[in-house]
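Below is one structure; the comments refer to it alone.
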Amino acid sequence: MIEVNGIHKSFAERMVLDNISTTFEKGKTNLIIGQSGSGKTVLMKCCIGLVDPDAGDIIYDNRPFSGLSEKRKQDIRKEMGVLFQGGALFDSFTVEQNVMFPLNMFTTMSLEEKLDRVNFCLKRVNLVNVNNLFPSEISGGMMKRVAIARAISNSPSYLFCDEPNSGLDPKTAEVIDELISEITEEYNITTVVNTHDMNSVLQIGQKITFLYNGKLWWEGNKDTILDTDNPELKEFVFSTELTRRLIK
Amino acid sequence: MLMIRMLGEYLLLMFSTFKRPDKGPVFRRQLMIEFIGLGVDSFGIVAIISIFTGAIVAIQTAYNIDSPLIPLSMVGFTTRQMVILEFSPTIISLILAGKVGSRIASEIGTMRVTQQIDALRVMGVNPANYLILPKITASILFNPVLITFSIVLGIFGGWGACVVTDLVTSTDFIYGLRGWFEPFTVTYAMIKTVVFAFIISSVSGFLGYNVQGGSIEVGRASTKAVVYSSILIIFFDLILTQLLLI
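Heads up: the sequence lines are chains A and B, in that order.
Taking the working numbering, the leading residue of the first sequence gets 28, the next gets one more, and so forth.
Taking the working numbering, the leading residue of the second sequence gets 21, the next gets one more, and so forth.
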C-alpha cells in the first residue's frame, strides 16, 4: 500500500497540489483522475520521486520515501515499474533489450533465464515475434505494451501508469486497460493509473481519486462515480457529447 | 550569476557521474559502444583533416623560408613541432568537439525530452553514471589514440606534400623531422588531449542532460555543446601551454 500524507507542491507562486492525503491500495487498480492541469501528473511524479513535494510524506508499505536521499530512494525504486505516457522505451535498444534492461541491471540471472523472463513478459502483454524490432518499428499500442512488459519484468510491487491510453484508439485502449487490471490482480501489486479517459475509469477504477484545482475533491470507485452529486466531478464525468447523449 | 549556477550544476552532475557503476558488465558493454560511436567512427574525419593540415603546414613553412641561411630540413622540423604541439591535439579536438560533442548532447537531450532519463531514474538506475560516465571514459581513453593517429598522418601529409611539390627533398624533410626531438612534446600533446577529451564529453553530457522542452531545445543544447567545448578547449590550451611549456 502507498500512503500519501498531506502533500503540498507549488511551482513559483502557483499551488499545484494542496494538502493531498489518500491511499493507493494493494492488489487494486487505483486511478487518479482530473482535468488537464488538475495536478494528477505532479502527484504521480511526487509518488515516484521525480518531483520533491514541498511538504508531506509518501510512504511505501510503512517505508517513508519522500525525505530519503537519492541513493536510498533507489532501493525502493527498484520495486517500481513505471509506464510513461510516451512509453519512454530506449530507442537504441530492441524490444528484447528494453524488456531485459531491468534484469541486466538488478539481477544475477543467466542470459537464458533472462530471455525466458523477457519472452514470458512479452507473451503476457500479447506480443510475439517482436524481440528484434526497434521501438521506431512498432505501433503506439505495441510500444505501450512493450513498456508494460518492461515495467513488470523485474516483478515490481508497485506499478505506475501515466496516461496509458493517450494517443490510442478506443479498442487498443481497452486492451491496455484490461492488461493493467489483469496484471494488478495476478501479481497482487499496487497499481496507480493517471488518466482522464472515462472508459478507463468505468472499466478498471477499483479506487478513484478525483483532483480538482490541486485539491482532493472526491474519492470512490467505478460503481459510485456515476451516482455522484459532486458538481465538479459530474461536470468532468459528463463532459463529452457521448456521455451527455447516453444520460439523456 | 548564471555562470556560477551552471558551474555548480555541472559539478553536482559530475559528482553523481563519477560513482561506481551499478553493474560492471553493463558498464563495459556501454563503454564498447562508446568506443565505436565516439572513437572508431571518428577515424575517417581525423585522417582527412590530419593529412591536409600536415601538408598545408609543410608547404606554408617551405614557402616562408626565404633565407638561404636556413636549411630546408627546417620544414620537416617545423611540421613535426606544429603538428605535435598544436595542430593534432588542439585542432583535432576542436573538430571532435563538433562531431562528438553535438552527438553526445543531442543523444542525451533526446533521451531527456522523451522521458528515457526519467525512466532510468525510476528504475533505480543513476542516469548520469549510466549515460555520461561511459562517454567520458571512452573519450579519455580513445582520444589519445586518435591524436597519435593524427600526428602520424599529419607528418606523413607534410612529407607527401613536400615530395610531390618538390619544395623539399625527402632526405631533407626526414633529417629535419628527426632532429632536435624532445619527447616531452608528445607528453604535452597527450596531456592536452586528455583534458580536451574530458571537456568535450563532460560539457556536452551536462548540456544534453539538462535540456528542458522539446526538439528545439535539443538542437540548442547541441549547438551550445560545440560552442562551449570549443571555447573551453582554447582557454585550457592557453593555460596548459603556460603551465607545461614555459
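Just so you know, even glycine gets a beta-carbon here, dropped at the ideal spot from N, CA and C.
Because the structure is a prediction, the values reported are computed rather than measured.
Could you tell me the alpha carbon to alpha carbon distance between residue i and residue j, rounded to whole angstroms?
| i | j | result |
| --- | --- | --- |
| VAL219 (chain A) | ILE219 (chain B) | 42 Å |
| ILE253 (chain B) | LYS119 (chain B) | 14 Å |
| SER2 (chain B) | VAL95 (chain B) | Given a span of 21 to 266 for chain B in the structure shown, any question on residue 2 (chain B) remains unanswerable. |
| GLN62 (chain A) | CYS73 (chain A) | 18 Å |
| PHE133 (chain A) | LYS105 (chain A) | 8 Å |
| ILE259 (chain B) | MET42 (chain A) | 49 Å |
| LYS212 (chain B) | ALA75 (chain B) | 23 Å |
| LYS249 (chain A) | TYR229 (chain B) | 41 Å |
| GLU164 (chain A) | ALA200 (chain A) | 20 Å |
| ASN215 (chain A) | ARG272 (chain A) | 37 Å |
| PRO203 (chain B) | PRO109 (chain B) | 15 Å |
| GLY64 (chain A) | SER266 (chain A) | 16 Å |
| PRO191 (chain A) | ASN257 (chain A) | 26 Å |
| ALA148 (chain B) | PHE97 (chain B) | 45 Å |
| ASN163 (chain B) | SER166 (chain A) | 40 Å |
| THR236 (chain A) | THR49 (chain A) | 8 Å |
| PHE35 (chain B) | SER222 (chain B) | 12 Å |
| THR261 (chain B) | GLN136 (chain B) | 41 Å |
| MET169 (chain A) | CYS148 (chain A) | 13 Å |
| TYR150 (chain B) | PHE47 (chain B) | 7 Å |
| ASN136 (chain A) | GLY94 (chain A) | At residue 136 (chain A) the sequence reads Met, which differs from the Asn that was named. If you take the alpha carbons of MET136 (chain A) and GLY94 (chain A), they lie about 32 Å apart. |
| ASP42 (chain B) | VAL145 (chain A) | 21 Å |
| SER235 (chain B) | TYR83 (chain B) | 49 Å |
| GLY241 (chain A) | ALA39 (chain A) | 15 Å |
Of all Cβ atoms in chain A, is any one closer than 9 Å to the Cβ of residue i?
| i | result |
| --- | --- |
| MET131 (chain B) | yes |
| MET143 (chain B) | yes |
| THR81 (chain B) | no |
| ASP138 (chain B) | yes |
| GLN135 (chain B) | yes |
| ASP42 (chain B) | yes |
| SER36 (chain B) | yes |
| ASN230 (chain B) | no |
| ASN149 (chain B) | no |
| PRO45 (chain B) | yes |
| ASN163 (chain B) | no |
| ASN84 (chain B) | no |
With a threshold of 9 Å between beta-carbons, can residue i be considered close to chain B, or not?
| i | result |
| --- | --- |
| GLN113 (chain A) | This sequence places Gly at residue 113 (chain A); Gln is not what is there. For GLY113 (chain A), the answer is yes, since a Cβ of chain B falls inside 9 Å of its Cβ. |
| ILE59 (chain A) | no |
| PRO129 (chain A) | yes |
| LYS242 (chain A) | no |
| ASP118 (chain A) | yes |
| GLY94 (chain A) | no |
| ASP102 (chain A) | yes |
| PHE187 (chain A) | yes |
| GLU97 (chain A) | yes |
| LEU195 (chain A) | no |
| VAL109 (chain A) | yes |
| LEU70 (chain A) | no |
| GLY167 (chain A) | no |
How many whole angstroms separate the CB atoms of residue i and residue j, which I take to be in contact at a CB cut-off of 8 Å?
| i | j | result |
| --- | --- | --- |
| VAL188 (chain B) | LEU89 (chain B) | Wrong, their Cβ atoms sit about 16 Å apart, outside the cutoff. |
| LEU264 (chain B) | PRO154 (chain B) | Wrong, their Cβ atoms sit about 29 Å apart, outside the cutoff. |
| VAL238 (chain B) | GLY129 (chain B) | 4 Å |
| SER159 (chain B) | ALA217 (chain B) | 4 Å |
| MET100 (chain A) | PHE92 (chain A) | In the sequence under discussion, the amino acid at residue 100 (chain A) is Lys, which differs from the Met named in the question. 7 Å between Cβ atoms; contact. |
| LYS234 (chain A) | ILE203 (chain A) | With a Cβ gap of about 19 Å, LYS234 (chain A) and ILE203 (chain A) do not count as contacting. |
| GLY175 (chain B) | THR81 (chain B) | According to the sequence shown, residue 175 (chain B) is Ile rather than Gly. About 13 Å separates the two Cβ atoms, so there is no contact after all. |
| VAL126 (chain A) | VAL173 (chain A) | 7 Å |
| THR211 (chain A) | THR56 (chain A) | 5 Å |
| SER250 (chain B) | LEU116 (chain B) | Contact flag wrong, Cβ pair sits at about 10 Å. |
Taking the Cβ atom as the reference point for each residue, do residue i and residue j lie within a distance shorter than 9 Å?
| i | j | result |
| --- | --- | --- |
| ILE16 (chain A) | ARG90 (chain A) | With chain A covering 28 to 275 only, the question about residue 16 (chain A) has no answer from this structure. |
| LEU70 (chain A) | VAL228 (chain A) | no |
| GLY54 (chain A) | THR222 (chain A) | no |
| LEU269 (chain A) | TRP244 (chain A) | no |
| SER180 (chain A) | GLY108 (chain A) | yes |
| ARG123 (chain B) | LEU33 (chain B) | no |
| VAL122 (chain A) | LEU130 (chain A) | no |
| LEU138 (chain B) | LEU77 (chain A) | Checking the sequence shown, residue 138 (chain B) turns out to be Asp, not Leu. Yes, the pair counts as a contact, with Cβ atoms nearer than the cut-off. |
| VAL66 (chain B) | ILE104 (chain B) | no |
| TYR30 (chain B) | PHE256 (chain B) | no |
| ILE29 (chain A) | TYR185 (chain A) | yes |
| THR73 (chain B) | GLY177 (chain B) | yes |
| PHE120 (chain A) | MET143 (chain B) | no |
| GLY121 (chain B) | ALA209 (chain B) | no |
| SER62 (chain B) | PHE107 (chain B) | no |
Residues of chain D with a CB under 8 Å from the CB of residue i: which are they?
| i | result |
| --- | --- |
| MET170 (chain A) | The structure shown contains no chain D; the protein chains it does contain are A and B. |
Length at least 3, wholly inside the region 144-218 of chain A: the beta strand (DSSP E) runs in chain order
185-189
Fully enclosed by the region 74-152 of chain A, which alpha helix (DSSP H) runs are 4 residues long or longer?
You should have 97-104, 122-133 and 138-151.
As an exercise, report each continuous alpha helix (DSSP H) stretch of at least 4 residues that is fully enclosed by the region 200-238 of chain B, in chain order.
204-229
Identify every run of the alpha helix (DSSP H) within the region 76-132 of chain B, keeping only runs that are complete inside it and at least 4 residues long; order them along the chain.
93-102 and 112-116
Entirely within the region 214-270 of chain A and at least 3 residues each: give me those beta strand (DSSP E) ranges in chain order.
217-222, 234-239 and 242-247
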